[in-house]
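Protein sequences, first through last, are from chains A and F. Sequential numbering from 1 applies to the first sequence in the numbering used here. Sequential numbering from 1001 applies to the second sequence in the numbering used here. Even for Gly, the Cβ is constructed at its ideal location relative to N, Cα and C. Below is one structure, written out as structure tokens; comments come after it.
There are 2 protein chains.
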Amino acid sequence: MTDIIIVGKGPAGWSCAMTARMRGLSVQVIAPQGDAGQLKLAERIDNYPGMPQVSGAEILKRFREQAIALGTEERNGLIRQIMPTGNGFMVLVENDVLESKTIVLAMGAARQKLLPGEEEQVGRGVSYCATCDGMFYRGKRIAVLSSTEQGVEEATFLASLVGELDYYSLKKHDITKLPELAKVIDEKPKGFGRDGQDLTMTTDQSTKKYDGVFVFRAGMPLGMLLNDLQTEGSYIPVDRMMNTNIPGVFAAGDCTGKPLQVPKAVGEGNVAAIAAAEYIAKHG
Amino acid sequence: MTDIIIVGKGPAGWSCAMTARMRGLSVQVIAPQGDAGQLKLAERIDNYPGMPQVSGAEILKRFREQAIALGTEERNGLIRQIMPTGNGFMVLVENDVLESKTIVLAMGAARQKLLPGEEEQVGRGVSYCATCDGMFYRGKRIAVLSSTEQGVEEATFLASLVGELDYYSLKKHDITKLPELAKVIDEKPKGFGRDGQDLTMTTDQSTKKYDGVFVFRAGMPLGMLLNDLQTEGSYIPVDRMMNTNIPGVFAAGDCTGKPLQVPKAVGEGNVAAIAAAEYIAKHG
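Following this line, the structure appears as structure tokens:
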């Protein structure tokens, strides 16, 4: 079991990893490949102490190298869900299950905007995990909504189970490898609702009924990632030791709120690592 | 009138100055010449993102240069007192009176008097940071000297690394939770020296050799500087925006409490600058 799984490859995540390694803890830093939010686009940052006039991309590169040199394990993949197990956490990364004693959420400020009605229909037809829920739709009629090529992969798996599969692109991506069963619908999804027992999806052109709808975006909505995680708007409230409302789950960096600054993120990652180390020392 | 007077020339102070300058504020950083607490003695710090394997002195030098290049004004002198004036603060530096709209306290964790020979052995076996230096003593023989229960916590971490651990109480405190490895030595440490390559510690009864000695003391009492400043033990309690109990007075870095770490101090300095900028925008 890993000591700390860190969600996010920004300044908070790498800083947390470095301090955790200096405390002798095992650390996995996980995020979709290449994901580091807005920072990698920043041309010049002047107020990060020790690196004057540096680009965001250079900061990320050097932080990553330093963390990895200290023994941080890096992993690419979207974290679909995090579940408390009583003495730790199970973390579903793509289709793998990892275990850790503590979690540090450091996924930045970018939030996945949901479609109107989406949140209310989760568990009532809307799903974010083909592996978890695909079996419930054997022979049925489903839709896949995706903003990345991940949707194509998931559709390939789902096509082996379901009867009908409509495919919607939330953002333009390569769909040349879609399975034969998938029917590409060139409409823009606008929201979800119900018609009696049935799940409905409205597009810019029509309203359709589906037994299930699978949605794939570049990140997971916060509340979906971790049940019962308390949020305030799009931020995760923390105390001065970076504790969230869930014991063993810490948060650091832009996801804890303003100011959205590299030095602040680095400091919070550092504190979260110490707090996680103390949590592990206490709970074993 | 200066926008921000920053008390202290450590990582929190310089970080605060850099961000304040990027917000277009005038900044004076004030401390007695050469004062930068324990950090300047740290031989090697591994967990400050962007500066791998750097000395404390090098961190301080580069932070200072960067802050000054951004237009920070530096001033040497002991601050004797800070007084609210209704629309700002009067700051007594040696025998001069300065005025500022806001104050950022970043004077570090004040330490008590050192043992004879202690300062000379810092970086040569004597350390104040288990997180920073613990790894260098894997399997070795160390001593922990502490005046508070913090020493018990640090000993618990160190016990997972070292081979032998002798524990000395500088002042009476609760040692019931000491790890099994720790051997309580009922002698009074009197000073440090060397025997050839080896670090030695003299007590009231004997002289011993250790590979390393970790020293933990409580800070000096605060509050003489600024009337009515609320403190908790030797620390200044702050909220997530670094507000103290006095409007317009912020605190950052080691003086706000544990963990006493460079990345944490840098992050808090950054947040204090943003908070001071918002305070000035609101109160003029």
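Taking 7 Å as the CB-CB cut-off, is residue 1219 of chain F touching chain A?
Since pLDDT at residue 1219 of chain F reaches only 45, below the 50 mark, its modelled position is unreliable, and the value read off the structure follows with that caveat. No, its Cβ sits nowhere closer than 7 Å to a Cβ of chain A.
List the DSSP bridge partners of residue 1195 of chain F.
Residue 1195 of chain F is bridged to F/1198.
Please confirm if residue 267 of chain A has its CB atom under 7 Å from at least one CB of chain F.
Closer than 7 Å to some Cβ of chain F, the Cβ of residue 267 of chain A qualifies, so yes.
Rounding to the nearest angstrom, what Cα-Cα distance links residue 1221 of chain F and residue 1018 of chain F in this structure?
With a pLDDT of 45 at residue 1221 of chain F, under the threshold of 50, the modelled position of this residue cannot be trusted; read the value that follows with caution. Taking the straight line from one Cα to the other gives about 29 Å.
Compute the Euclidean distance between the alpha carbons of residue 1257 of chain F and residue 1234 of chain F, then round it to the nearest angstrom.
Going from the Cα of residue 1257 of chain F to the Cα of residue 1234 of chain F covers about 8 Å.
Chain A partners of residue 1069 of chain F, CB-CB under 9 Å?
What residue 1069 of chain F touches in chain A: 52.
I need the straight-line Cα distance from residue 1055 of chain F to residue 1123 of chain F, nearest angstrom please.
Each residue's alpha carbon lies about 10 Å from the other.
If the criterion is Cβ atoms closer than 7 Å, does the pair residue 202 of chain A and residue 209 of chain A meet it?
Going by C-beta atoms, residue 202 of chain A is not nearer than 7 Å to residue 209 of chain A.
Please report how far the alpha carbon of residue 252 of chain A lies from the alpha carbon of residue 272 of chain A, in whole angstroms.
Rounded to the nearest angstrom, the two C-alpha atoms are 7 Å apart.
Give me, in chain order, the residues of the same chain whose beta-carbon lies closer than 7 Å to that of residue 1121 of chain F; leave out the 5 immediate sequence neighbours on both sides.
Cβ within range, chain order: 1192 and 1199.
Do you know how far the Cα of residue 162 of chain A is from the Cα of residue 1268 of chain F?
When rounded, the distance between both Cα atoms is 53 Å.
If contact is defined by three or more beta carbon pairs under 8 Å, each pair taking one atom from either stretch, is the region 71-79 of chain A in contact with the region 14-33 of chain A?
Touching, per the Cβ criterion.
Flag residue 1274 of chain F as yes if its beta-carbon sits less than 7 Å from any beta-carbon of chain A, otherwise no.
For residue 1274 of chain F, the answer is yes, since a Cβ of chain A falls inside 7 Å of its Cβ.
Between the beta-carbon of residue 1166 of chain F and the beta-carbon of residue 1188 of chain F, is there less than 7 Å?
It is not a contact, given that the beta carbons lie outside the stated cut-off.
Let me know the secondary structure DSSP gives residue 1039 of chain F once reduced to three states.
Three-state result, residue 1039 of chain F: helix.
Extract the residue ranges of the alpha helix (DSSP H) inside the region 141-217 of chain A, only unbroken runs of 4 or more that lie entirely within it.
Within the region 141-217 of chain A, the complete alpha helix (DSSP H) runs of at least 4 residues are 150-159.
Return the bridge partner residues of residue 1096 of chain F from the DSSP annotation.
Looking at the DSSP assignment, residue 1096 of chain F forms a beta bridge with F/1093.
Output the distance between the C-alpha atoms of residue 266 of chain A and residue 40 of chain A, rounded to the nearest integer angstrom.
Approximately 16 Å, taken between the alpha carbons.
Contact criterion: CB-CB distance below 7 Å. Does residue 1089 of chain F meet it with respect to chain A?
So, not an interface residue.
Within the chosen definition, does the region 148-163 of chain A reach the region 228-242 of chain A through at least 3 CB pairs nearer than 8 Å?
No, the region 148-163 of chain A is not in contact with the region 228-242 of chain A.
Who are the Cβ neighbours of residue 171 of chain A in its own chain at under 7 Å, not counting the five residues just before and after it?
Excluding residues within five positions, the ones whose Cβ falls inside 7 Å are 147.
Between the alpha carbons of residue 1178 of chain F and residue 279 of chain A, how many angstroms are there, rounded?
Taking the straight line joining both Cα atoms gives about 17 Å.
In angstroms with no decimal places, state the Cα-to-Cα distance between residue 1067 of chain F and residue 51 of chain A.
Straight-line Cα distance between these residues: approximately 11 Å.
Compute the distance between the beta-carbons of residue 1248 of chain F and residue 1102 of chain F, then report whether it is under 7 Å.
For residue 1248 of chain F and residue 1102 of chain F, yes; Cβs fall inside 7 Å.
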